[in-house]
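What follows is one structure encoded as structure tokens, with my remarks underneath.
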Amino acid sequence: MKVETQVVVIGGGLTGAGILRDLSLRGIDAVLLERRDFNAGASGANHGLLHSGGRYVVNDAESAEECVKENAILKRVASGCIEDCGGLFIALNEDSDEYVTDFLHSAEKVGLNTEQLDVEEALEDEPYVNPDIKAAIRVPDASINPFLATNSNLTAAKQDGARVFLHTQVIAMKREGGKIVEVEAINRTTGEKITVVADQVVSAAGPWVDQIGALAGVDVKIAYSKGSLLITNARLVNNVINRLRPPSNGDIVVPGETVTITGTTSIRVSNLDYLTTPAAEVDLLVNEAEKLVPAMRDNRYIRVYAGVRPLVLSDDTDGDRGISRTFTIFDHAKDGIDNFSTIAGGKLTTYRLMAEKISDLVVAKMGLSKKCKTDTVCLPGSEDGQTLDTALRLSKLKASTEESEVICECEFVGKKQLQELITELQKDGSKIDPNTLRLRSRLGMGSCQGGFCGYRTIGFLYEEGVVKQKEGNKMLMEFLERRWHGTKPVLWGDQLRQEQLLEAIYCGSLNIDGNL
Amino acid sequence: MTTQAEILIIGGGLAGMAAARRANSLGLKTSVIANSTGSLPYTSGALDLIAVYPTETKFYHSKPWETLSDLLNQQPDHPYSKVGLKGVKDSIDDFMSYLEDSPLKYYRRENENIAIITGAGTIKPTYAVQGSLKANVLALEQRKPTLIAGFKGLTDFAPEQVVENLQDRWPGLVAQRLDLTGLVDQKRRITVANIASEFEKVAFRAEFAKLVKPMLGQAKFLGLPAILGMDKVMDIVADLENRLGVEVFEIPLLSPALPGTRLANMLKNDLLADGISYRQGVPVDRLEFEGDKVTVAHRQARRVDQAIPVSMMVMATGRFFGGGLVAEQHRIVEPLLNTELEVPASRDDWHMKTFLGAPGHPINRVGVKTDEYLRPVGSDGKVLYKNISVAGAILDGHDWVREKSGAGISIATGYAAVDALLSSSEVEAE
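Here the protein sequences come in this chain order: A and B.
Per this note's numbering, residue 29 is the first one in the first sequence, and the count goes up by one each step.
Per this note's numbering, residue 36 is the first one in the second sequence, and the count goes up by one each step.
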């Protein structure tokens, strides 16, 4: 297949989706290529935190300032993806007094609104938080559903004519003179080759930007920093809880819809495609989370996941926490390729700004003067200003699934919703399996983590004729193994009991891995 | 007030029930305390003896007694090895003859494993099944034309999945989804429990037969999800076969499922009818010891401590799911004896990298160590308590899920645990 377009964007994380959307809104024809499904990298493996900027005020004023501005913009244009839960920075008795003063002072400098609370007032608001605190500062942190955010950007872009190719890996770039004239990709599901001819090529491939750069013969220097996060099966806090100290491991606890997420770590890795989190790293996160919220000790952890931050290297920093979390745009004209640019670094909160800046560059390279509109035009699902409200969402889902049939009991995903998703995915010719449905519906994101609904989903795919012969059972095995990868490091207590039941069902009762 | 019992059995799963049957048949005053329903309702009701050995190879064996002989030679610490071939055979035969003669009419072939098709369209080897699954075994063997029927609205069973997965070797398999609208009260959701209670009604079965008969075509068998009522399942199957003129069988579903619940209910009711004491819901949470003997078991009933004097005790408290073992973040403990178990030092090594597959998770082989009389021993190998024996999945040295040996281990060690207590108390009396 040959595809002609003005701009090809490589990478289907939130940044790539944001760029696609930004360009489409400017009236530029664009195509997105993603090797796996959307949010397969760090966009799908983070806190789901819309930073107020507080985390960065003391050490990284530039990042902080970006966050302050983007926080306000996104609460307006992406309200449907955001739960405006607010945030607290709390200092434990053991933490330094100096940092508290620094924090307030630096916040003022970057324009971050803060409010110092009485400790008692803070504890009333957050009964599970460690009572041994000496300071609590309120900031406008929020929680954001990154799957919804990326999907909304992709949907918006598609409505404006953009084309999205998921499960499509870039395998080669053809250069002629100082230009990339063809981007060659392959659909990993069907094996079909796709040749994209575009005026401009943008790489937003996250930690894979160096590999994409290499295909074009360009050296992009980044480091891989892995961060692991844990999810509990219950929501324990109302606000985002941050530790009021210099950024460190496990210093943020975020309420995400029905669960709580805590993390992260920062560990250099070399292999991007097989991330593991050993028990020791899990234990560190549990210990740190417990200091902020003691109930996190006895809570049930249902999964661990890890993402890789691409850190753009500079010489004057000590340690990865010291590297700025702001983003970098590489204009590869400097490397002799006029129509190729890369964006790396940054964070979820600033995805829109990142998309704006690189789109500005691309548009300028094309000799156009179309202005960014993403700071004022709302994303689909956010037009009415309604924020993400879990109770409302669940009650709506419950009402709509009562007459259909419930597949996922933890998150009330019914056959009707899945049918709609399947129709949509079939229209795009996209892959359909429990994982693609999970990303688009929260199926399997509750406390059984797909242990039961994965099975029902496969039965439903057979019922609908979407899968044939043994391919559905093969998908189920893959789904179970993928799920296991995230569950294994947190197996103790009740989570281990649940896994033993699932093992008895799938291996014992169903003999699903048997060779009879 | 306290109650006196000759033998106290802790645990209401299959091992506890087998021990209780054994103790009662030997004339002991028998008392069972279960923390809940036990794990039986979560099983398929199929009883495994041994089908896969060694687990590294995933090799499937059709002759369980021969496999068992190999295992006894090669794994002296396996629970079966503590019981011995004769002990296993005698206890299985005794327990099976009870089940074969029961209203659930269990079906087995004495010296051979059998296989059934499951709701996932997979084939599971086992040793014995409820009578309602007998035709499942036969249909799979004969591969005659068979209709697999599910129900519109029942998300737990997809007949299409069964047929798609098996049709390469069983071409006469056909899937149908039946629409029960009009047969079932509109307000009742299509769930396993609701349909099961409908099947208990003659009127529903008559209507159901009318609906399904025209769809049978050449079919000699009709396979339905395992929701054909509760304890009267065999009458229901017979009635359907009579109305339809084909053999009818059940297909096991994702748990918790009815066949396991039927078995659990029957075992409990029969033991109650035999006059044993059965208490459920409040677990024993503490034991008192004097020297090398347990003397008192405690449980907190309505916040009042209940002290139960113990002369002999069988511990059949299950593994993690049943609460017999507790996994803390860094160690695994058995809470009643309050012992820490031998376990890989790092939690990274408790499980394999893959969920399924060979040889099995190291944690699965962790359990309470015993001597040859199933009495718990310490890390030095010395018997901890002389009047306690241990039965069922809590024992160390096996992987029942992968071996397909769960029921056999529970029954054989349940019997042996009782026998061992009696013989060691006789030895002491001399």
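Even glycine gets a Cβ: it sits at the ideal position worked out from N, Cα and C.
Our two residues, ALA184 (chain B) and ASP541 (chain A), have alpha carbons roughly 24 Å apart in a direct line.
Contact between THR260 (chain A) and MET324 (chain A) holds, since their C-beta atoms are separated by about 7 Å, short of 8 Å. Annotated as distal: GLY80 (chain B) and ALA451 (chain B), with beta-carbon spacing of 7 Å or more.
Assigned with DSSP and collapsed to three states, PRO379 (chain B) falls in coil, not helix or strand. A check of alpha carbon separations from ASN539 (chain A) across B:ASN200, B:THR157, B:ALA426 and B:LEU43 identifies B:THR157 as the nearest. Listed along the chain, the chain A residues whose CB falls inside 9 Å of the CB of ILE158 (chain B) are ASN539, GLY542 and LEU544. Around the beta carbon of ASN158 (chain A), 16 or more other beta carbons sit within 10 angstroms, so the residue counts as buried. Contact annotation: VAL31 (chain A) and GLN228 (chain A) have beta-carbon atoms that are not nearer than 7 Å. Under the DSSP assignment, CYS436 (chain A) falls outside any alpha helix (DSSP H), being part of the beta strand (DSSP E) whose first and last residues are 434-436.
Taking ASP50 (chain A) as the centre and dropping the five residues before and after it, the same chain places the C-beta of ALA383, GLU384, SER387, CYS400 and THR402 closer than 7 Å to its C-beta, in chain order.
A Cβ-Cβ separation of about 6 Å places VAL118 (chain B) in contact with THR448 (chain B) under the 8 Å criterion. Using beta-carbon distances, HIS386 (chain B) counts as an interface residue toward chain A, with a partner under 7 Å. Distance check between ASN267 (chain A) and each of A:ALA163, A:LEU300, A:SER171 and A:LEU381 places A:SER171 closest, using alpha-carbon atoms only.
The beta carbon of ARG510 (chain A) sits no closer than 7 Å to any beta carbon of chain B. In the pairwise beta carbon analysis, the stretch 148-155 of chain B is classified as not touching the stretch 218-225 of chain B: fewer than three pairs are separated by under 8 Å.
Between LEU381 (chain A) and GLU94 (chain A), the CB-CB gap stays under 7 Å.
Of all residues in the stretch 486-498 of chain A, only ILE486, GLY487, PHE488, LEU489, TYR490, GLU491, GLU492, GLY493, VAL495, LYS496, GLN497 and LYS498 come within less than 9 Å of chain B when Cβ atoms are compared, listed by chain position. Close partners of ASP320 (chain B) in chain A (Cβ separation under 8 Å) are lacking, with about 17 Å as the shortest Cβ gap. The DSSP-derived three-state label of VAL297 (chain A) is coil. Setting aside the 5 residues that flank it on each side, PRO462 (chain A) is surrounded in the same chain by GLY482, THR485 and PHE507, each with a C-beta closer than 6 Å to its C-beta; the list follows chain order. Secondary structure at LEU213 (chain B): strand, using DSSP grouped into helix, strand and coil. Neighbours of ASN501 (chain A) across chain B, judged by C-beta separation under 9 Å: ALA155, GLY156, THR157, GLN196, GLU199 and ASN200.
Sorting B:GLY46, B:ALA54 and B:ALA50 by C-alpha distance to the C-alpha of ASP454 (chain B) places B:ALA54 at the top. Judged by pairs of C-beta atoms under 8 Å, the stretch 428-443 of chain B does not touch the stretch 59-67 of chain B, as fewer than three such pairs exist. Buried is the label assigned to TYR77 (chain B), since at least 16 other Cβ atoms lie within 10 Å of its Cβ.
No Cβ of chain A is located within less than 7 Å of the beta carbon of THR226 (chain B). Burial check for LEU396 (chain A): the Cβ neighbour count within 10 Å stays below 16, so the residue is exposed. Bridge pairing for ARG216 (chain A): absent [DSSP]. Across the stretch 523-539 of chain A, CB contacts with chain B closer than 7 Å involve LEU524, ARG525, GLN528, LEU529, GLU531, ALA532, ILE533, TYR534, CYS535, GLY536, SER537, LEU538 and ASN539, in sequence order along the chain. Under the 10 Å beta carbon count, GLN196 (chain B) is surrounded by 16 or more other beta carbons and is classified as buried. Among the residues facing chain A, ASP383 (chain B) is included, as its CB has a counterpart in that chain under 7 Å away.
Fewer than three pairs of CB atoms, one per stretch, sit closer than 8 Å, so the stretch 286-305 of chain A makes no contact with the stretch 40-53 of chain B.
Proximity of ALA307 (chain A) to chain B, defined by a Cβ-Cβ separation below 7 Å, is satisfied. Cβ contact annotation for LYS443 (chain A) (same chain, cutoff 7 Å, sequence separation greater than five): SER432, GLU433, ILE435 and PHE488, in chain order. Distance between ASN399 (chain B) and HIS433 (chain B), taken at the CA atoms: about 7 Å. A contact is defined here as three or more CB-CB pairs under 8 Å, and the stretch 256-272 of chain B meets this definition with respect to the stretch 280-297 of chain B.
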